[in-house]
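Protein chains in written order, with the working numbering: chain A, 93 to 672; chain B, 13 to 209. One structure is given here, and the rest of the page talks about it.
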Amino acid sequence: MKLTGSEILLRSLVEEGVDTIFGHPGGVILHTYDVLTDPAVASKIRHILCRHEQGATHAAEGYYKASGKVGTVMVTSGPGACNTVTGLTDALLDSMAIVVFTGQVPTTAMGCDAFQEADVVGTTRTCTKHNFLILKTEDIPRIVKEAYHIARSGRPGPVLVDLPKNVVMGRAEYHGHPQELHIRGYKPTLQGHAGQIKRAVELMKTARRPLIYGGGGIIHSEAYEELRELVAVTRIPVALTLMGLGAFDTSDPLWLGMVGMHGPYWSNMAMIHCDLMIAIGSRFDDRVTGKLSEFGKQCKIIHIDIDPTSIRKTVHVDVPIVGDVKQVLGELNKEVRQVERHWASDFGEWYAQIAEWKAKHPLRYGPMLDVIKPQYAIDMIFEVSERMNPIVATGVGQHQMWAAQRYRGRRPRRWLTSGGLGTMGYGFPAAMGAQAAFPGDLVICIDGDGSFQMTNQDLITCVENNLPVKVVIINNGYLGMVRQWQELFYNRRYSQVDLTIQPDFVKLAEAYGVIGLRARRPDEVKPVLEQAFTTPGPVIVDIVTEREENCFPMIPPGGAIKEILDYGDPIPEKLFQGLR
Amino acid sequence: MRERTKAIPKEAKARHIITLLVENHAGVLARVAALIAAKGYNIDSLTVGETVDPSISRMTLVVRGDDSVVEQAVKQLNRLIDVIRVTDLTGEEFVERELVLVKVKAKPEAKAEILRIADIFRAKVVDVAPFSYMLELTGAEDKLNAFVELLRPYGIQEFARTGMTVMTRGNKTPGKQTEEMWKEPDTKKVVGLVEKG
Ligand SMILES: Cc1ncc(C[n+]2csc(CCOP(=O)(O)OP(=O)(O)O)c2C)c(N)n1
């Protein structure tokens with residue numbers, strides 16, 4: 093029997109194991125939305141109606157990051173499709189596996205400036221891992237299979253599938269989901285080169301000040317156990333990038349902390365004093381390396397990554413190993429176990445040095461009197477929620493960096509943040525997506541007053557779909573991070589960062605029919621959070637903080653890591669001349 | 013696809029010739045070109061044509077850049093799903109050919125000289141009009157450049173170059189090509205193309 097393209101599409105999605113679609117309908121995709129009401133489909137797939145397509149894409153990212161299952165989005169042509177570009181780019185830079193289906197005008201109308209037409213494949217060519225335009229109804233099952241495969245394998249990423257109206261309305265025989273998959277231009281290298289792995293071990297044998305610099309790749313390939321084992325054998329200290337947080341147990345004494353622009357002093361110092369850097373699933377982002385010409389000169393570098401383009405992109409690497417982090421570490425561990433060395437005792441001086449940095453430059457902030465310090469608020473969120481094993485998402489800005497520094501996310505896939513693109517407005521919908529994957533878990537979004545206002549309309553989506561996300565707004569009445577830069581680098585000329593005129597977030601919550609809470613004084617923080625995290629349903633907590641608190645340590649943009657500024661350091665005069 | 017408008021070479025940067033085997037379907041050329049453009053690499057030329065397997069096209073791309081920049085470009089191209097294989101021919105022995113058509117002004121007193129130049133280069137006269145010749149020449153880039161420079165003083169009226177196409181010498185094939193291309197030849201299909209015995 094022949095089925096319509098829309099029916100084939102949704103059956104293929106069911107076969108792929110898709111259980112949740114984040115989306116928003118519209119004219120051209122109506123035919124496919126109609127099939128969502130088919131009882132056979134409706135019992136398998138839940139559609140969550142997001143109030144803006146950007147939110148739908150971030151929700152799909154959150155769903156993927158938390159669950160490891162590809163996130164799915166469905167939107168209409170033109171405006172709907174265009175609204176997904178931010179999420180697609182965010183997903184591309186942070187390697188999030190999502191598949192976005194977009195409606196498209198009929199192939200006969202394409203290129204004619206038809207109503208709600210946009211060249212979506214052209215527009216998203218550089219912000220997707222791959223994109224497809226389906227031209228024949230019978231190609232739908234194969235392309236769906238390929239789209240999910242490409243999204244989740246290798247270096248994960250976003251894939252877009254454009255669905256012209258005549259293709260989804262056309263009919264074709266459906267022979268079920270294809271079993272085989274054959275994409276001749278796409279065969280990610282999974283196994284690391286044995287010779288390179290041996291060379292890596294040679295370097296490790298003689299290192300005196302080694303450091304593991306781990307990134308999001310460890311989480312994508314789920315290589316936590318292998319990393320833990322590597323560290324257990326070699327006793328090499330571990331620093332992680334913003335995207336890597338959660339990949340290593342933060343209570344382990346060899347855990348240093350985050351590296352990069354706002355990483356703690358000691359882990360950044362370890363980056364510039366180590367004699368061997370073992371980069372694992374991390375890509376030497378400029379927010380980590382600082383000034384490139386001064387990065388990595390003192391050390392040999394081993395770089396393990398599934399994406400060959402990430403290797404030697406910016407930094408010279410002595411031993412490149414292309415492969416899946418989990419597999420490569422598995423092989424590496426076998427070799428390392430053969431090495432006869434009492435690692436830890438050789439590293440005594442190195443540990444002592446790191447401990448000294450830590451003691452001299454701990455994470456700290458000034459005294460708190462009547463006004464809540466944002467750092468304190470983060471510490472309280474941690475204290476109150478930690479035992480509930482929450483998933484924590486963030487917006488982008490100072491609150492994000494404080495959360496990264498101080499909320500010690502202990503577990504993989506429980507830390508959602510926008511690293512590569514730094515997308516304000518990411519946190520709340522991402523939290524919603526994670527909540528959809530884990531309805532029973534506590535999901536907290538630590539947000540900024542600016543970031544939250546970018547995508548807060550999905551509050552109603554949470555209400556409608558019983559997604560009890562807790563949003564904690566670190567409310568400084570500023571676009572705080574930008575204000576900090578203006579303070580430090582533009583002589584306090586505050587241009588367009590003041591958010592004192594803002595909605596009453598408690599009333600906003602109430603307008604959506606959810607609970608809104610507020611803390612203004614330090615002693616109110618803890619009780620308010622306790623109430624929020626134990627109250628069923630979505631909650632907004634507005635924590636009114638000190639307005640002009642700065643996030644330190646900080647490596648000035650364009651500066652070298654050694655120019656890191658700690659809390660209370662005088663700001664060098666040259667920085668006032670604006671960004672270099 | 014030629015971004016260079018004048019036939020003048022050459023900055024100091026090394027020339028890299030990259031061949032690609034790609035899926036032969038709509039949008040692939042745009043993908044390759046967009047990637048190169050997005051990275052800001054300077055393309056000298058880009059040519060495309062079908063291979064013996066009609067589902068595969070071959071592209072030849074000439075770029076100038078530092079080795080590390082080109083290495084990065086090659087990796088990026090490899091990452092495209094529609095790209096089956098990428099090979100940088102730097103350091104390989106290969107034959108390179110390009111075709112140029114030049115319509116040059118031919119005043120009566122210059123005609124003989126122009127024809128002599130054409131003769132020296134073994135260029136063909138493919139069209140003659142009262143006051144112009146159209147000349148065709150194939151060869152390596154340098155030869156074409158020299159030819160064009162000699163004609164320039166006479167006044168070039170129209171000018172078209174195809175961009176480079178290349179093939180490695182001898183039995184070697186750059187990086188194994190697709191399995192399909194190595195299959196025993198299907199004699200039915202290639203009769204007339206391959207001399208048997
Ligand atoms: C979509 C988007 N627009 C602009 C920026 C630039 N930007 C980075 S941080 C920031 C301020 C964030 O303010 P808020 O969310 O209130 O957080 P805070 O820094 O105050 O904690 C801005 C505007 C961005 N990252 N994303």
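Don't be surprised by glycine CBs; every beta carbon is placed ideally from N, CA and C.
Beta-carbon proximity of residue i to residue j, cut-off 8 Å
i: V293/A; j: V431/A; result: yes
i: V192/A; j: E209/A; result: no
i: L101/B; j: T180/B; result: yes
i: V140/B; j: L147/B; result: no
i: L95/A; j: A264/A; result: yes
i: C362/A; j: I446/A; result: Sequence check: residue 362/A is Ala here, not Cys. Cβ atoms of A362/A and I446/A: closer than 8 Å.
i: K115/B; j: F143/B; result: no
i: M524/A; j: T486/A; result: no
i: I370/A; j: I304/A; result: yes
i: H312/A; j: A496/A; result: no
i: L113/B; j: T150/B; result: no
i: S477/A; j: I536/A; result: yes
i: R505/A; j: A134/A; result: no
i: T72/B; j: T63/B; result: no
i: R43/B; j: D79/B; result: no
i: I121/A; j: G195/A; result: yes
i: R584/A; j: W442/A; result: no
i: A172/B; j: E108/B; result: no
i: G336/A; j: I364/A; result: no
Residue i versus the options, residue with shortest Cα-Cα distance
i: G284/A; options: G569/A, V414/A and P619/A; result: V414/A
i: R610/A; options: I538/A, F597/A, E556/A and A151/A; result: F597/A
i: T176/A; options: H116/A, I566/A, A132/A and K94/A; result: H116/A
i: V106/A; options: K599/A, D615/A, M188/A and Y240/A; result: Y240/A
i: N548/A; options: E99/A, N360/A, D130/A and G147/A; result: G147/A
i: R404/A; options: K418/A, Q390/A and L384/A; result: L384/A
i: V330/A; options: L346/A, A315/A, I656/A and E579/A; result: L346/A
i: W435/A; options: A324/A, D615/A, C142/A and G246/A; result: A324/A
i: V407/A; options: L295/A, Q576/A, D377/A and T124/A; result: D377/A
i: F530/A; options: Y156/A, T181/A, E314/A and K599/A; result: Y156/A
i: F207/A; options: G119/A, L180/A, I328/A and H269/A; result: G119/A
i: G64/A; options: M93/A, D416/A, D182/A and E602/A; result: The requested residue 64/A is not part of the displayed model; chain A covers only 93 to 672.
i: G651/A; options: E602/A, F581/A, H453/A and V617/A; result: F581/A
i: L32/B; options: A38/B, G52/B and V74/B; result: V74/B
Presumed contact (8 Å Cβ cut-off) between residue i and residue j, rounded CB distance
i: P302/A; j: D367/A; result: 7 Å
i: D471/A; j: R498/A; result: 6 Å
i: G629/A; j: Q594/A; result: With a Cβ gap of about 23 Å, G629/A and Q594/A do not count as contacting.
i: G511/A; j: V484/A; result: Incorrect: roughly 14 Å between the Cβ atoms, too far for contact.
i: V251/A; j: T220/A; result: 6 Å
i: V606/A; j: I635/A; result: V606/A to I635/A, Cβ: 17 Å. No contact.
i: V563/A; j: D539/A; result: 6 Å
i: E238/A; j: L273/A; result: 7 Å
i: I226/A; j: L255/A; result: 6 Å
i: N425/A; j: E321/A; result: 5 Å
i: H150/A; j: A522/A; result: 5 Å
i: Q588/A; j: N642/A; result: About 19 Å; that fails the 8 Å criterion.
Other residues of its chain near residue i: CB distance less than 6 Å, five sequence neighbours each side excluded
i: F224/A; result: I235 and V253
i: Y659/A; result: R456 and F644
i: G187/B; result: Its pLDDT being 49, under 50, G187/B is placed unreliably by the model, and nothing is read from it.
i: K25/B; result: R76 and G77
i: S67/B; result: N36
Contacts that residue i makes with chain E (C-beta to C-beta distance below 8 Å)
i: Y278/A; result: Judged by its chain identifiers, the structure shown contains no chain E, and its protein chains are A and B.
Close-in-space but distant-in-sequence residues of the same chain around residue i (CB under 7 Å, 5 per side omitted)
i: V380/A; result: T333, V351 and G352
i: A152/A; result: F114, G163, T164, V165, I190 and G525
i: Y604/A; result: L551, I552 and V555
Contact test: residue i Cβ vs ligand 2 heavy atom, cutoff 7 Å
i: T515/A; result: By its list of ligands, the structure shown excludes ligand 2, since it contains just ligand 1.
Own chain residues within Cβ distance below 8 Å of residue i, not counting five before or after
i: R639/A; result: N568, G569 and Y570
i: I137/A; result: L102, L105, V106, V110, D111, T112, I113 and L128
i: T637/A; result: V463, I464, K465, P466, A469, I566, N567 and N568
i: V620/A; result: L609, R610, A611, V633 and I635
* Could you name each continuous alpha helix (DSSP H) segment of 4 residues or more that falls completely within the stretch 301-382 of chain A, going from the start of the chain to the end? => 308-312, 316-326, 357-365 and 378-381
Q.
As an exercise, report each continuous beta strand (DSSP E) stretch of at least 3 residues that is fully enclosed by the stretch 220-283 of chain A, in chain order.
A. 222-225, 250-256 and 263-265
Item checked: Complete runs of the alpha helix (DSSP H) confined to the stretch 152-181 of chain A [at least 4 residues] -> 170-174
Review point. Which ranges would you report for the beta strand (DSSP E) in the stretch 53-138 of chain B if only whole runs of at least 3 residues count?
Key: 54-62, 68-76, 95-100 and 106-117
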